[in-house]
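**Q** Quick one: the structure is below, questions incoming.
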Amino acid sequence: MKELKHLNKYFYKYRYRLIIGVIITIVAKIFALFTPRLVGASINIVSERLDGEITQQVFKSELLTYISFLVGAAIMAGLFTFLMRQTIINVSRYIEYDLKNEIYQHYQVLSLNFYKSNRTGDLMNRISEDVSKVRMYVGPAIMYTINTITLFAVALIYMVSAAPKLTLYTLIPLPILSISIYKLSRLINTRSTIVQESLSTLSTYTQETFSGISVIKSYGIEARTNTEFEGLCSENRQKQIDLTKVQALFFPLMILLIGLSNLIVIYVGGIQYMNGEIESIGTIAEFIIYVNMLTWPVATVGWVTSLVQQAEASQKRINEFLKTEPDIKNVAPQETPIIGDIEFKNVSFVYPDTNIEALKDVSFKIKSGKTLAILGKTGSGKSTILDLIGRLYDIDKGEILVDATSISKLNLNSLRESIGYVPQDAFLFSDTIKNNIKFGKENATDDEVIEAAKNAKVHKNIVGFSKGYDTILGERGITLSGGQKQRVSIARAIIKKPDILLFDDCLSAVDTETEEKILNNLEKLTKDKTTIIVSHRVSSAKNADAIIVLDDGKVIQTGNHETLVTTEGYYKDLYTKQLSEKELR
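Using full-length UniProt numbering, read the sequence shown as starting at 1 and increasing by one per residue.
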């Protein structure tokens, strides 16, 4: 139960609803327990009439009275049972809602390294399947526990007062039933855990397959993935069957022990009635109803135990993530105004998941309103610099200053809100093009959206679609071409009008003519903004105020276009090569 202590704050939050639910449950069971006595009394009246002990008129009057009370008690029990479910079960849904939001919000603050070391399918499984298991604890488990306690407390008083010896015989099979269900439930729990793990693996594989469907189709490996998926499904099917085999014993076992209890009541009660130990035949009928009413609650002891075990196992998996501390912590609670001066001082950085040293003693400085271009070979550390400016990672050595303040001392939200970031691999959401652009500025007007799209040179493409800006994109923006996705991503960044703009080789999928037009537009828009452009094209870098060239994580050249193009080295070689390629085209 240690893991489930995490839920106590939610029980406290909804304490009044739960207290009302407990009271309603008790009242519902009290009304339900009127039924056996009323049935017993009704049978006694029939018996007395058959024996001629009462007149027909008295018989009809009393029988009608008992029937009326019986119907009334049944209606009241049904009404309060409905209210019971409306309170306790609803509370479980509220807690489920709160817990899912807590997990999701925690996912949001966890660092990129967390997502690199955990699979998406497993993350989704914990926020869906595991939370559902926990809900069964905070709802049905609590409700049936209260039911059981109330029924036993009231029913045993009635039964002992009516026939103490028969009560003892009647209860003999119930502990056997409870122990059997408990052991069966533990076995169900073990196999349920195996099934949950199997489902998590299946979800992860399916999610990765759908995300990479274009790669699967282009390589023609559909048959192989089908075989692998079939293998996973086959394993899951067998585990589900193993679970079902155990679950199939549950109700037959319960029915067997209910039947045994009824036989004991009829046999022992019949003997006691003939011996005069029980005054009326109605008592036997009363006890049969009690047995049937108590059997399910006794059976739920094992079932509830199983629910609690499953919930604890699921909550343990949830707690593992909730207790994971983010690598990047916001140490400045107050908002920090950002101007845009950026300085790297002897920065070194090693990726924690791969131990690759991405940057080695990198230093540069860029003033607010200026443009810096970063060039270099693939894997030289260009994108890493942009990630560090957005503080997606913390550095190992050196210092990064923003407005002469260490980046780790700035308010994290203020820093990121001041940045417009365009990644090389543009990620678009399954929404309209308009909403994808407005992602950078939620309250943007339609005119602002169109202006941003025009500056990104994607407006003509958008209006060419049948639904224009209301066109719904497929997952990850699959509806658009690579160049269109990049330009929508640029529009999303510039509509925000941030203090710092970061472009990570975001024009790689557009032709040089379109690139030139976009750069000209950006030059006008970024006059008073700090802009960093990562590129493999000299054409994207030539107008920058400063240029640095990286190689294997080190700065090997610094200057502007005019100085670097006349200096022997990587930049001049790249310029000559790309100039000749342009002439050939």
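A virtual CB, placed ideally from N, CA and C, is assigned to each residue, including glycine. Predicted model, so just to flag it, every value in this text is computed and none were measured.
Among Gln-105, Phe-69, Ser-42 and Gln-334, which residue has its Cα nearest to the Cα of Phe-59?
**A** Out of Gln-105, Phe-69, Ser-42 and Gln-334, Ser-42 has the C-alpha closest to the C-alpha of Phe-59.
**Q** Give every residue of the same chain whose Cβ lies closer than 6 Å to the Cβ of Arg-17, excluding the five residues on either side of it in the sequence, and list them in chain order.
**A** Result list for Arg-17: Thr-87 and Val-91, in chain order.
**Q** With 16 other CB atoms within 10 Å as the buried threshold, where does Thr-531 fall?
**A** Buried: at least 16 other Cβ atoms inside 10 Å.
**Q** Which two residues bound the contiguous beta strand (DSSP E) that contains Asp-425?
**A** It is not in any beta strand (DSSP E) - Asp-425 carries neither H nor E in the DSSP assignment.
**Q** Straight-line CA distance for Lys-370 to Leu-123?
**A** Their Cα atoms are separated by approximately 41 Å.
**Q** So, for Ile-437: in the same chain, excluding its five sequence neighbours on each side, which residues have a beta-carbon less than 7 Å away from its beta-carbon?
**A** Around Ile-437: Val-449, Ala-452, Ala-453, Val-488, Ala-491, Arg-492 and Ile-495.
**Q** In the DSSP assignment, what residue or residues form a beta bridge with Val-549?
**A** According to DSSP, Val-549 bridges with Leu-375 and Gln-557.
**Q** To the nearest angstrom, how far is the alpha carbon of Ser-47 from that of Ala-153?
**A** About 30 Å.
**Q** Quick one: is Trp-296 near chain B, going by C-beta distance under 8 Å?
**A** Chain labels in this structure do not include chain B; a single protein chain is all it has.
**Q** When the Cα of Gly-464 is compared with those of Thr-201, Met-76 and Ile-433, which residue comes out closest?
**A** It is Ile-433.
**Q** Tell me which same chain residues have a C-beta within less than 6 Å of the C-beta of Ile-194, skipping the five on either side of it?
**A** Hits under 6 Å: Lys-239.
**Q** Opposite Lys-397 in the DSSP bridges: which residues?
**A** Answer by DSSP bridge pairing, in chain order: Ser-348.
**Q** What residue does the alpha helix (DSSP H) around Thr-567 start on, and which one ends it?
**A** Note, Thr-567: premise wrong, no alpha helix (DSSP H); not H, not E.
**Q** What is the rounded straight-line gap between the Cα of Glu-583 and the Cα of Glu-513?
**A** Its pLDDT being 45, under 50, Glu-583 is placed unreliably in this model, and the coordinates cannot settle the point.
**Q** Between which two residues does the alpha helix (DSSP H) holding Ile-472 run?
**A** Element bounds for Ile-472: n/a, residue is neither H nor E.
**Q** Quick one: is Asp-447 buried, meaning 16 or more other Cβ sit within 10 Å of its Cβ, or exposed?
**A** Classification of Asp-447: exposed, given that the 10 Å Cβ count is below 16.
**Q** Tell me whether Asp-505 is buried or exposed, calling it buried when 16 or more other Cβ atoms sit within 10 Å of its Cβ.
**A** By the 10 Å Cβ count, Asp-505 comes out buried.
**Q** Alpha carbon to alpha carbon, how far is Thr-354 from Ile-518? Give it in angstroms, no decimals.
**A** Each residue's Cα considered, the two are about 36 Å apart.
**Q** Ser-406 bridges to which residues according to DSSP?
**A** Partner(s): Leu-401.
**Q** Compute the Euclidean distance between the alpha carbons of Ser-132 and Glu-96, then round it to the nearest angstrom.
**A** In a straight line, the C-alpha of Ser-132 is about 7 Å away from that of Glu-96.
**Q** Grouping DSSP H, G and I as helix and E and B as strand, with all else coil, what is Asp-130?
**A** It is helical.
**Q** So, using beta-carbon positions, are Lys-397 and Asn-346 closer together than 8 Å?
**A** In contact: Lys-397 and Asn-346 (Cβ atoms closer than 8 Å).
**Q** Counting beta carbon pairs with one atom in the stretch 405-422 and one in the stretch 326-333, are three or more of them shorter than 8 Å?
**A** Yes, the stretch 326-333 is in contact with the stretch 405-422.
**Q** Does the structure place the stretch 277-291 close enough to the stretch 142-149 that three or more beta carbon pairs sit under 8 Å?
**A** Contact fails: fewer than three Cβ-Cβ distances are below 8 Å.
**Q** Buried or exposed for Phe-349, please, with buried defined as at least 16 other CB atoms from any protein chain shown within 10 angstroms of its CB.
**A** By the neighbour-count rule (16 or more Cβ atoms within 10 Å), Phe-349 is buried.
**Q** Where does the unbroken alpha helix (DSSP H) through Asp-122 begin, and where does it stop?
**A** Per DSSP, Asp-122 belongs to the alpha helix (DSSP H) from 120-125.
**Q** Would you check if the stretch 385-394 and the stretch 560-569 touch, i.e. whether three or more CB-CB distances between them fall below 8 Å?
**A** Counting Cβ pairs under 8 Å, fewer than three are found: no touch.
**Q** Along the chain, where does the alpha helix (DSSP H) containing Glu-357 start, and where does it finish?
**A** Careful: Glu-357 lies outside any alpha helix (DSSP H), inside the beta strand (DSSP E) at 357-366.
**Q** In whole angstroms, give me the CA-to-CA distance for Val-246 and Gly-78.
**A** Their Cα atoms are separated by approximately 32 Å.
**Q** By the DSSP assignment, the beta strand (DSSP E) with Ile-532 in it spans what residues?
**A** Ile-532 -> beta strand (DSSP E) spans 530-534.
**Q** Just the Cα atoms here: how many angstroms apart are Pro-173 and Thr-295?
**A** When rounded, the distance between both Cα atoms is 9 Å.
**Q** Taking 6 Å as the limit between beta carbons, can you name the residues of its chain near Tyr-571, skipping five residues before and five after?
**A** Val-549, Gln-557 and Leu-564, listed in sequence order.
**Q** Let me know the secondary structure DSSP gives Thr-225 once reduced to three states.
**A** Looking at Thr-225 - three-state DSSP - the assignment turns out to be helix.
**Q** Can you tell me whether Asn-101 is buried or exposed? The criterion is at least 16 other CB atoms within 10 Å of its CB, across all chains shown.
**A** Classification of Asn-101: exposed, given that the 10 Å Cβ count is below 16.
**Q** Have a look at Thr-209 and Lys-485 and give me their C-alpha separation to the nearest angstrom.
**A** Rounded to whole angstroms, Thr-209 to Lys-485 spans 22 Å at the Cα level.
**Q** Which residue's Cα is closest to the Cα of Arg-376: Ala-74, Asn-113, Ala-141 and Leu-574?
**A** With the sequence shown as reference, residue 376 is identified as Gly, and Arg is not the correct amino acid for it. Nearest of Ala-74, Asn-113, Ala-141 and Leu-574 to Gly-376, Cα basis: Leu-574.
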